[in-house]
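Quick note on full-length UniProt numbering: the sequence shown kicks off at 1 and runs consecutively.
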Amino acid sequence: MDLTLDGLSVVTDGKKLLRDLSLNVTDGRCVGLVGPNGSGKSTALKCIYRALRPSSGTVRIGEQELSRLSMRRSAQLVAALAQDGEVELDFTVEEVVALGRTPHIRGNQVLSTRERELCERAMEQLDISHLARRGVLTLSGGERQRVLVARALVQEPTVLVLDEPTNHLDVRHQIELLSLLRVTGLTTLIVLHDLNLAAAACDQLGVLSDGRLVASGAPEKVLTPELVHDVFGVRASVVSHPLTGDPQLLYSLAPPSPNGSETSCLSPGH
Ligand SMILES: Nc1ncnc2c1ncn2[C@@H]1O[C@H](COP(=O)(O)OP(=O)(O)OP(=O)(O)O)[C@@H](O)[C@H]1O
């Protein structure tokens with residue numbers, strides 16, 4: 001089912017964090033939300049997983065308006081990975097992954113064989129099977145991040161929202177995770193800071209700046225040097241990936257000038 005954000009605005013303490021955001025993620029597609037720090041990406045995702053109530057606007061999954069559904073029904077439809085998702089209880093990895101089934105079970109009901117197999121498969125896909133009996137508090141940041149993605153997958157949601165899921169992951173696990181997301185068939189909205197990974201992993205990108213959607217569309221249409229300059233204040237060259245054709249940005253650090261001071265690679269005014 002499609003995920004539709006329709007005119008979402010969030011105002012907190014008189015500050016507009018999100019301004020009239022409308023965005024559609026087509027059924028089974030992956031849309032990347034990118035933008036500078038503080039541009040409203042996490043705020044938008046929080047409205048989808050109902051950690052935040054928008055001041056105006058709606059979130060729909062198919063024809064269903066999320067705010068009209070029970071929290072339990074919402075959790076059956078939407079799985080979320082929050083930014084730097086914390087796990088405070090010292091559960092084992094397999095227990096945390098199994099928590100993904102919570103919206104689907106009642107009380108102390110035990111998991112079915114199918115559900116246990118689902119958990120095992122997700123742990124294999126996220127390369128954490130060998131950690132199954134470890135306490136989550138003993139894990140590295142990247143290991144813990146993979147546990148939380150596995151938990152989101154076993155939720156068997158219709159819509160997946162992920163806030164910087166590649167945080168803490170080494171390059172192999174970044175690529176494995178984003179490759180996996182492409183084959184899940186889930187309607188996915190994902191916040192990524194790495195524009196090159198976003199271009200490779202997402203069918204469409206939405207660019208937020210100061211709470212406003214300033215560009216959206218296919219990565220090759222959106223990621224232009226002008227856009228990167230205007231939104232991020234950085235000079236970049238755009239090249240085409242030799243194997244996939246995806247747009248890839250090349251940046252250069254400011255070279256030291258002969259007198260020892262640095263010249264700037266930032267755009268004037270930033
Ligand atoms: N409860 C709040 N009260 C006031 N301001 C807030 C609140 N929550 C978020 N903000 C501000 O709203 C803006 C958008 O925050 P948000 O976390 O959505 O940005 P982001 O694009 O996800 O940033 P980052 O890339 O740094 O994760 C920021 O300036 C943040 O400081």
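For every residue, glycine included, the Cβ atom is placed at its ideal position computed from N, Cα and C. Keep in mind the model is a prediction, meaning the values are calculated, not measured.
#1: For ligand 1, which residues have a Cβ under 5 Å from at least one heavy atom, in chain order?
#2: By the DSSP assignment, the alpha helix (DSSP H) with P219 in it spans what residues?
#3: Quick check: is the beta carbon of N37 nearer than 8 Å to any beta carbon in chain B?
#4: How would you write the range of the alpha helix (DSSP H) that C47 sits in, first residue to last?
#5: List in chain order: all unbroken beta strand (DSSP E) runs of 3+ residues lying wholly within the region 40 to 119.
#6: Can you check whether the CB of E156 is closer than 8 Å to the CB of Q83?
#7: Let me know the secondary structure DSSP gives D13 once reduced to three states.
#8: Whose C-beta lies closer than 6 Å to the C-beta of S129 among residues of the same chain, with five residues either side of it excluded?
#9: From the DSSP output, in three-state form, read off D203 for me.
#10: Taking A198 as the reference, which of A218, L213, N108 and G211 has the closest Cα?
#11: Excluding five sequence neighbours on each side, which residues of the same chain lie with their C-beta closer than 6 Å to the C-beta of S74?
#12: Please state the DSSP three-state secondary structure of S140.
#13: With C-beta atoms as the reference, is S209 less than 8 Å away from V231?
#14: Who pairs with T4 in a beta bridge, going by DSSP?
#15: So what does DSSP say about L208, is it helix, strand or coil?
#16: Ends of the beta strand (DSSP E) at D230?
#17: Starting from the Cα of L8, find the closest Cα among K41, D2, M1 and V34 and give me that residue.
#18: Roughly how many angstroms lie between the CA atoms of L5 and L23, to the nearest whole one?
#19: Alpha carbon to alpha carbon, how far is L249 from P242? Give it in angstroms, no decimals.
#20: Let me make sure I understand the geometry here. Which of F91, T113, V214 and H173 has the alpha-carbon closest to that of R133?
#21: So S240 is in the beta strand (DSSP E); what residue range does that whole segment cover?
#22: In terms of alpha-carbon separation, which member of D27, V34, L81 and K16 lies closest to I48?
#23: Is the Cβ-Cβ distance between A79 and A150 less than 8 Å?
#24: On the premise that L162 lies in contact with T188, defined as a C-beta separation below 8 Å, what is that separation, rounded to the nearest angstrom?
#25: Suppose you measure from the CA of H229 to the CA of L223; what does that come to, to the nearest Å?
#26: Start and end of the alpha helix (DSSP H) containing L33?
#27: Contact defined as beta carbons within less than 8 Å: I believe V154 pairs with V97. What is the distance between those atoms, to the nearest angstrom?
A quick look at the data gives this:
#1: T12, L17, N37, G38, S39, G40, K41, S42 and T43
#2: Mapped onto the sequence shown, residue 219 falls at position 219. P219 -> alpha helix (DSSP H) spans P219 to V222.
#3: In the displayed structure, chain B is absent; only one protein chain is listed.
#4: Counting from one through the sequence shown, the residue named residue 47 turns up at place 47. From DSSP, the alpha helix (DSSP H) with C47 extends over K41 to I48.
#5: 56 to 61 and 78 to 81
#6: Locating residue 83 in the sequence shown gives position 83, where the first residue counts as 1. Locating residue 156 in the sequence shown gives position 156, where the first residue counts as 1. No, the pair does not count as a contact, with Cβ atoms beyond the cut-off.
#7: For this step, residue 13 is matched to residue 13 along the sequence shown. Reduced to three states, the DSSP call for D13 is coil.
#8: As a first step, residue 129 must be located in the sequence shown, where it is residue number 129. Closer than 6 Å at the Cβ level, and outside the excluded window around S129, lie M123.
#9: Position 203 of the sequence shown, counting from 1, holds the residue named residue 203. Reduced to three states, the DSSP call for D203 is coil.
#10: Looking up residue 198 in the sequence shown gives position 198. Selected option, being the one with the closest Cα: A218.
#11: Position 74 of the sequence shown, counted from the start, is the residue given in the question as residue 74. Only R50 and L66 meet the Cβ criterion.
#12: Taking the first residue of the sequence shown as 1, we reach residue 140 at position 140. If DSSP states are grouped into helix, strand and coil, S140 belongs with coil.
#13: Residue numbering aside, residue 209 sits at position 209 when the sequence shown is read from its first letter. Residue numbering aside, residue 231 sits at position 231 when the sequence shown is read from its first letter. A contact, by the Cβ cut-off of 8 Å.
#14: Against the sequence shown, residue 4 aligns to sequence position 4. Its beta-bridge partners are N24 and R60.
#15: Taking the first residue of the sequence shown as position 1, residue 208 is located at position 208. Correct three-state label for L208: strand.
#16: Within the sequence shown, numbered from 1, the residue matching residue 230 stands at position 230. From DSSP, D230 is part of no beta strand (DSSP E) but of the alpha helix (DSSP H) over P225 to F232.
#17: Within the sequence shown, numbered from 1, the residue matching residue 8 stands at position 8. Answer by Cα proximity: K41.
#18: Counting from 1 along the sequence shown, the entry for residue 5 is found at position 5. Counting from 1 along the sequence shown, the entry for residue 23 is found at position 23. When rounded, the distance between both Cα atoms is 5 Å.
#19: Locating residue 242 in the sequence shown gives position 242, counting from the first residue. Locating residue 249 in the sequence shown gives position 249, counting from the first residue. Distance between the alpha carbons of P242 and L249 is about 13 Å.
#20: For the purposes of this step, residue 133 is taken as residue 133 along the sequence shown, with counting starting at 1. Answer by Cα proximity: F91.
#21: The residue given as residue 240 occupies position 240 in the sequence shown. Residues S237 to S240.
#22: On the sequence shown, residue 48 is found 48 positions in, with the first residue counted as 1. Minimum Cα distance to I48 is reached at L81.
#23: Indexing the sequence shown from 1 puts residue 79 at position 79. Indexing the sequence shown from 1 puts residue 150 at position 150. No, the pair does not count as a contact, with Cβ atoms beyond the cut-off.
#24: Position 188 of the sequence shown, counted from the first residue, corresponds to residue 188. Position 162 of the sequence shown, counted from the first residue, corresponds to residue 162. 7 Å between Cβ atoms; contact.
#25: For the purposes of this step, residue 229 is identified with residue 229 of the sequence shown, where counting begins at 1. For the purposes of this step, residue 223 is identified with residue 223 of the sequence shown, where counting begins at 1. For H229 and L223, the distance between alpha carbons rounds to 10 Å.
#26: Here residue 33 corresponds to residue number 33 of the sequence shown, with the count starting at 1. Where L33 is concerned, there is no enclosing alpha helix (DSSP H), although the beta strand (DSSP E) it sits in stretches over C30 to V34.
#27: Here residue 154 is taken as the residue at index 154 of the sequence shown, counted from 1. Here residue 97 is taken as the residue at index 97 of the sequence shown, counted from 1. Between V97 and V154 the Cβ distance is about 6 Å, and since that is below 8 Å, they are a contact.
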